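*Asks:*
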Amino acid sequence: MQFGNLHPLILHLPIGILALAFLMELFYRKKPAPKDNGAILFALGISVVSSIFAAVSGWLLSENGGYEEELLSKHKWIAIAFTLGTILLFFLKKSTKKWAVKGYFPSFILVLLLLTLTGHYGGSLTHGEDFLFKKAYQEVVIEDIDEALVFNDIVQPILDQKCVSCHNQGKAKGDLLLTSQKELLLGGTSGSLLDSLETEQKSLLMHRIHMPLEEEEHMPPKGKVQLTAEEILLLEWWMENNNCFDCLVKTLPTDKRLEPILAALEKDTSPRALIAEEVDAVSEDFLIGLNQQNISAQKISEDSPLLAINFKQRKDLTQADFALLQEYKENIVELNLAFTNFNDTLITELKAFKNLTKVQLQHTGVTNAVGEYLSKLSYLESLNLIGNPIDDSGLTALEGLQHLKKLYVWQTDVTEKGIASIQAQSELILVQEQIADSIFAASALTPPVILAENEVFQDSLKVSLEQHFEGAQLFYVLHDSKKDTVPKSYSKPFYIKESTQVTGYATHESWEPSELVKADFLRSNVAVKNVALAQPPHQKYAAQGGKTLMDLKRGTTNFVDGQWLGYEGRHVTATIEFKEKTEVSRVSVGSLSIPNSWIFFPVGYTVWGSSDGTNFNRLKRIKLPKPEPSISVEKQVYAIDFEPATLKKIRVLVESPLKNPEWHAEPGGNSFIFLDEIVFD
Amino acid sequence: MGEKKILLDNAVNLNRRAFLGKSALGVGGLALGSLLGCNFYRKEGELVVKENNAMGIKGILNAPHHSAKVKRVIYLFQSGGPSQLELFDYKPLLNERRGEDLPESIRNGQRLTGMTSGQDKFPLVGSNFGWKQYGKNGTWISDLLPYMGKMVDDICIIKSMYTEAINHDPAVTFFQTGSQQPGRPSIGSWLSYGLGSENENLPAFTVLLSRGSGRPNGQPLYTRLWGNGFLHSLHQGVQFRAAKDPVLYLNDPKGVSKETKRTILDNLAALNEKQYKEFGDEEIQSRIAQYEMAYRMQTSVPEVMDTEKEPDYIYKMYGSDAKIPGTYAANCLLARRLAEQDVRFIQLYHMGWDQHDNLPAAIEKQAKDVDQASAALVADLKQRGMLEDTLVIWGGEFGRTNYSQGLLTDTNYGRDHHPRCFTMWLAGGGVKPGIVYGETDDFGYNIVDKPVHVHDFQATLLHLLGIDHERLTYKYQGRRFRLTDDEGHLEKDI
Chain A
0 MQFGNLHPLI LHLPIGILAL AFLMELFYRK KPAPKDNGAI LFALGISVVS SIFAAVSGWL
60 LSENGGYEEE LLSKHKWIAI AFTLGTILLF FLKKSTKKWA VKGYFPSFIL VLLLLTLTGH
120 YGGSLTHGED FLFKKAYQEV VIEDIDEALV FNDIVQPILD QKCVSCHNQG KAKGDLLLTS
180 QKELLLGGTS GSLLDSLETE QKSLLMHRIH MPLEEEEHMP PKGKVQLTAE EILLLEWWME
240 NNNCFDCLVK TLPTDKRLEP ILAALEKDTS PRALIAEEVD AVSEDFLIGL NQQNISAQKI
300 SEDSPLLAIN FKQRKDLTQA DFALLQEYKE NIVELNLAFT NFNDTLITEL KAFKNLTKVQ
360 LQHTGVTNAV GEYLSKLSYL ESLNLIGNPI DDSGLTALEG LQHLKKLYVW QTDVTEKGIA
420 SIQAQSELIL VQEQIADSIF AASALTPPVI LAENEVFQDS LKVSLEQHFE GAQLFYVLHD
480 SKKDTVPKSY SKPFYIKEST QVTGYATHES WEPSELVKAD FLRSNVAVKN VALAQPPHQK
540 YAAQGGKTLM DLKRGTTNFV DGQWLGYEGR HVTATIEFKE KTEVSRVSVG SLSIPNSWIF
600 FPVGYTVWGS SDGTNFNRLK RIKLPKPEPS ISVEKQVYAI DFEPATLKKI RVLVESPLKN
660 PEWHAEPGGN SFIFLDEIVF D
Chain B
0 MGEKKILLDN AVNLNRRAFL GKSALGVGGL ALGSLLGCNF YRKEGELVVK ENNAMGIKGI
60 LNAPHHSAKV KRVIYLFQSG GPSQLELFDY KPLLNERRGE DLPESIRNGQ RLTGMTSGQD
120 KFPLVGSNFG WKQYGKNGTW ISDLLPYMGK MVDDICIIKS MYTEAINHDP AVTFFQTGSQ
180 QPGRPSIGSW LSYGLGSENE NLPAFTVLLS RGSGRPNGQP LYTRLWGNGF LHSLHQGVQF
240 RAAKDPVLYL NDPKGVSKET KRTILDNLAA LNEKQYKEFG DEEIQSRIAQ YEMAYRMQTS
300 VPEVMDTEKE PDYIYKMYGS DAKIPGTYAA NCLLARRLAE QDVRFIQLYH MGWDQHDNLP
360 AAIEKQAKDV DQASAALVAD LKQRGMLEDT LVIWGGEFGR TNYSQGLLTD TNYGRDHHPR
420 CFTMWLAGGG VKPGIVYGET DDFGYNIVDK PVHVHDFQAT LLHLLGIDHE RLTYKYQGRR
480 FRLTDDEGHL EKDI
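Line order of the protein sequences matches chains A and B.
Residue numbers for the first sequence follow numbering that gives the first Met the number 0, beginning at 0 and rising by one.
Residue numbers for the second sequence follow numbering that gives the first Met the number 0, beginning at 0 and rising by one.
#1: Of the choices A:LEU177, A:GLY121 and A:ASP640, whose alpha-carbon is the least far from that of A:LEU10?
#2: Do you know whose CA, among B:SER188, B:LEU224, B:SER212 and B:PHE421, lies nearest B:PRO81's CA?
#3: Hey, would you say A:GLN562 sits closer than 9 angstroms to A:SER592, going by beta carbons?
#4: Where does B:PHE39 fall in DSSP's three states?
#5: Terminal residues of the continuous alpha helix (DSSP H) containing A:GLY288?
#6: Say whether chain B places a C-beta atom closer than 9 angstroms to the C-beta of A:TRP471.
#7: Per DSSP, which one or two residues make a beta bridge with A:VAL530?
#8: Helix, strand or coil for A:PRO7 per DSSP?
#9: According to DSSP, simplified to helix, strand and coil, what is A:PRO270?
#10: What does B:GLN354 reach in chain A if we use C-beta pairs closer than 7 angstroms?
#11: Using CA atoms only, rank isn't needed, just tell me which of A:VAL527, A:GLU582, A:GLY173 and A:ASP145 is closest to A:GLY65.
#12: In chain order, what are the residue ranges of uninterrupted beta strand (DSSP E) at least 3 long that sit wholly in the stretch 140-171 of chain A?
#13: Alpha carbon to alpha carbon, what distance is there between B:GLN457 and A:LEU204?
#14: Decide if A:PRO447 is buried, meaning its Cβ has at least 16 other Cβ atoms within 10 Å, or exposed.
#15: Quick check on A:MET210: buried or exposed, where buried means 16 or more other Cβ atoms within 10 Å of its Cβ?
#16: Comparing C-alpha positions only, which one of A:ILE45, A:GLU567 and A:LYS461 sits nearest to A:LYS658?
#17: Buried or exposed, going by whether 16 or more other CB atoms sit within 10 Å of the CB of B:ARG182?
#18: Taking 8 angstroms as the cut-off, does the stretch 356-372 of chain B touch the stretch 229-249 of chain B (at least 3 CB pairs, one atom from each stretch)?
#19: Should A:VAL525 and A:PHE679 be called a contact, given that it needs their Cβ atoms to be closer than 9 angstroms?
#20: For chain B, is any of its Cβ atoms less than 9 angstroms away from the one on A:PHE558?
#21: Just the C-alpha distance for A:TYR372 and A:LYS353, rounded to the nearest angstrom, thanks.
#22: Comparing the C-beta of A:TRP662 with each C-beta of chain B, is any distance below 9 angstroms?
#23: Ordered along the chain, which non-local residues of its own chain (more than five positions away) have a Cβ less than 6 angstroms from that of A:THR499?
#24: So B:GLY437 and B:ILE446 are supposed to be a Cβ contact under 8 angstroms. How far apart are they, rounded?
#25: Can you tell me whether DSSP reads A:ILE768 as helix, strand or coil?
#26: Looking only at its chain, what residues have a beta carbon closer than 7 angstroms to the beta carbon of A:LEU88, apart from the 5 residues adjacent to it on each side?
#27: Counting only runs that start and end within the stretch 354-434 of chain B, where is the beta strand (DSSP E) found for 3 or more residues in a row?
#28: Taking 8 angstroms as the cut-off, does the CB of A:GLU642 come closer than this to any heavy atom belonging to the ligand SAM?
#29: Please report how far the alpha carbon of A:HIS206 lies from the alpha carbon of A:LYS223, in whole angstroms.
#30: How would you label B:LEU29, buried or exposed, when you count the other beta carbons within 10 angstroms and need 16 or more for buried?
#31: What distance in whole Å lies between the Cβ atoms of A:TYR494 and A:LYS461, which are believed to be in contact at a cut-off of 8 angstroms?
#32: Short of 6 angstroms in beta carbon distance, which residues of its chain neighbour B:MET304, apart from the five on each side in sequence? Order them along the chain.
#33: I'd like the span of the alpha helix (DSSP H) that includes B:PHE174, first residue to last.
#34: Looking at the C-beta of B:ALA360, does it have a partner C-beta in chain A at a distance below 9 angstroms?
#35: Anything in chain B within Cβ reach of A:GLU432, meaning under 8 angstroms, just list it in chain order.
#36: Where are the alpha helix (DSSP H) runs, 4 residues long or more, that stay fully inside the stretch 283-369 of chain B, in chain order?
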């Protein structure tokens, strides 16, 4: 670090201390003697020392160059004069000579004048000559972007905002000026700004802009306001087109990325922007006052004078409510009267709000009479008339509205003709009616739910159908031994007495009938005394032991629900003892398959019967193929039919695949079988 | 200056930190503090609760930062991570190369969940379902979503969403609060805090839940997902349930008349007010406001929840499921009714999209749950002129992998979580209708064009509501927090 760089710090000391000395001087002038001259003298002394330091550091800083010479020399010499002045002042104060006492105060004024001057020139050096009296940055207003000049209207304004504060006549960093086309072409000490660099395909301008922010040479330097992504794109675009100085925007090729950026440069001529220019800012008290009257009043944005008013579906609006809005009636651009009691008696109130761009009148009860008042709203863009007794003649009044873009007429008496008529006047108007029935007309009912206590039953089972849709008619078919397939209308729960598949569906006028639902119910008409399991199930899936298979409850696809008996890597043999000898011709076994959880359907069943309870005969043996590749979660009930026999006991062997199949993610792992129910017929 | 004086100084809202701070500065600081009054310590903008009188919750912002495109949001959150590859992101290459291993060059070190990290092969799999082109731009939409297909000209599909989390809870929390760790306020709470409520009779932030048929026992949701975090408890989301009491503990106990209740509340408010004057705790004000809100909700909630009078053609739009309380369709219909009442943020959660296995069967059911009702909601808002100032969002917390989790069979497969790309759609004010934004590679694994981070999405959402996401902050534990943390930039092109 150089001592010169401390100049901006040190220079403030003499300014402050000298000002303090002067104020003390004024203060003590009116006081009776003895005057406390010591403190003032001390302050003056410090001023002298700090002035000298400031002058020396300033001199050193000026050696670095980059400053406008004429300004610099003014600043330099006045500063030196000022430093000498402070020294003089110190000695005048110290002296008791009459001429010194007499000359002291005028000299003080003179030194302060020098201070002001040197400060001003110093400031001009760093902040630019026009800093103090600079007009606020004049934004270039582009009326029509196509006709705008790329350099004058787009590029130069960017430079003016982001670059010129350091690259101007007063402060020309790197000897580069960016204030006009001529100077831009001249470049600075680093060379031409616009020609491509030898080392890369970029110009110096683009090179500096695209350097990482941390780099010393990145422009604008870290700490200054940076170029936005949009501004960089615009500069690049201009450079790519040979930095054309007198091209119009429309003559240069643009692309998708540039178009919205260019469009945003154009002066906003939307109704709201025009209104915002004309009206005054709204006082906060006004808004708070309205909110206390239960009227929601919101500024469109924090620095906009425009207001949106919402009457919050109130049913008690009177003229007095509208009177509250009078003070800023021209600021109001949105009026939400939806679901209020705003009817034909209040419509004259609309007259006051000539700047409305959005009006919501849905479900208020206004009639065609409102058209007259709406037609005066020349800025109107969006109008909601839904649910009001308005017809085509009400719309005719709107035909003169230049800005109208959206018109909602659902649930009114407006006809296709009326819509065509207003659209003929301007294609821009989007008239929204009810969304085409075609999309949603073919809506189907949700199927009913078939409900019963259990899926397996012993004597009879109560089955009911349920549907939430009020007025829907339910139908069902019982697929049992009667083979009656004509759907029956459902009115109340019914009973089934044999194994049955129940199907059902719902219908409703003008709706598509629902999909078919199915449910299977199994009758187990054999009274069981006891179930003995030859092998204990896996301890985690033991449920209620053998009883589980006879409890008439099916398991869900959730295998830990307590309805499943699980066996890991082994077959199962269950021996069931009937209460009394019964004729049996079918055994059905419920099982589960969840390959991802290592659970597979059984691969074989063997059934033995015993009429005396001790000697068993084999009745049937079934071998099934190994499980196919699958990851589906499924339940099944496998039926084993055999010659009818009168039995006291029956024994069923259910064979497990034992190991996970080859195709499984973990081949060879101990696989499971899960059983929930054994049913006899 | 004795103890008594210190107690009196509660008027300047002493909390522990301020107290210690001032003690350290000496008692002089205290005296100065009381001379300057409480405004010296608290800037207007930092007040937690602003005039919570009968007019409902006032937002911290007097006006939006810039003019808002939408006034309210309906967020149809698809919890579990819907598979973009079955619904919106058409990748024929995956069908061509079905069963081939995912090239490492594509996976590129992506971390995996514990559920597939053991897998030694990642067999690519395309959608089992057909695709059709819909709308003016011929956008590809799955046959699972015929209704959404028909509304495609009104929605803006973002195919290039990505997130940082790979498991459900952190991912949902990240979407809702901007942080994977629980504890921050969720989007709806931020909006309630920032913009306040337009309807003093209903909360600004409501939540509706439904279970999907794709995976009925799917991931649970936690109430903290609609929690207010460190914001004031007034801004908490209120869950509306599909039961006799839509909002729990709202109804009066038997035998308590409306008048009795009013008297109780008035007396309670007087006591609370007294307490507030003494201790200056903002939570007391909030409590008064909540009691009042609950009182008004006793009439407003049943009114909103009463969908009986909706005409038949409305039920036809939303599907007959809308008649069954608690279904997604019924919730969509309720969402529209809440939006009509100017509720600021209506959050639906539909669970069951987490289809690790049995995806084809599960997603078919799941898509049927949401397709018609989601499309109907957009259409219904449109025909009511409400789509102009309402934003509808549809999407989950992440996407699903382009390879099968577990075994790939001829008809069946599963997909694991995939944070690198997924699809969402937006519809409504300020959003370009009918466009597809962003693109993924042919494998549907990485984003190749216009990536949108969750924070970008949140910043854009706030922007549409007129909020600069960098300026809606809340100072808590010495740090200014915001929804988008220290990231997020606007997606201006949607």
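We put the beta carbon where it would ideally sit given N, CA and C, even for glycine.
Nothing here was measured: the structure is a model prediction, and the numbers come from that model.
*Replies:* To lay it out plainly:
#1: A:GLY121
#2: That would be B:PHE421, whose Cα lies nearest to the Cα of B:PRO81.
#3: no
#4: Annotation note: pLDDT 38 at B:PHE39 (below 50); position unreliable, no value reported.
#5: 283-291
#6: For clarity, residue 471 of chain A is Ala in the given sequence; the question names Trp instead. Yes, contact with chain B.
#7: A:ILE575
#8: helix
#9: DSSP, reduced to helix, strand and coil, places A:PRO270 within a helical segment of the structure shown.
#10: Within chain A, no residue comes near B:GLN354; the closest Cβ sits about 11 angstroms away, beyond 7 angstroms.
#11: Here the closest residue by C-alpha is A:GLY173.
#12: If one requires a minimum length of 3 residues, no beta strand (DSSP E) run lies completely within the stretch 140-171 of chain A.
#13: 35 angstroms
#14: buried
#15: Burial call: exposed.
#16: A:GLU567
#17: One point to set straight first is that residue 182 of chain B is Gly, not Arg, in the sequence displayed. Taking all protein chains shown into account, B:GLY182 has fewer than 16 neighbouring C-beta atoms within 10 Å of its C-beta and is therefore exposed.
#18: no
#19: yes
#20: no
#21: 10 angstroms
#22: yes
#23: LEU477, ASP479 and PHE520
#24: 6 angstroms
#25: The structure shown does not extend to residue 768 of chain A, since chain A spans only 0 to 680, so no value can be given for it.
#26: LEU43, SER106, PHE107 and VAL110
#27: 389-394 and 421-427
#28: As for the ligand SAM, it is missing from this structure, which has no ligand bound.
#29: 18 angstroms
#30: Confidence at B:LEU29 is low in this model, with a pLDDT of 45, below 50, so the placement of that residue should be treated as unreliable; the coordinate-derived value is given next. The residue in question, B:LEU29, is buried, as its Cβ has 16 or more Cβ neighbours within 10 Å.
#31: Rounded to whole angstroms, the Cβ separation of A:LYS461 and A:TYR494 is 6 angstroms, and the two are in contact under 8 angstroms.
#32: PRO245
#33: 167-176
#34: yes
#35: GLN382
#36: Look at the stretch 283-369 of chain B and you find these whole runs of alpha helix (DSSP H), each 4 residues long or longer: 311-317 and 327-339.
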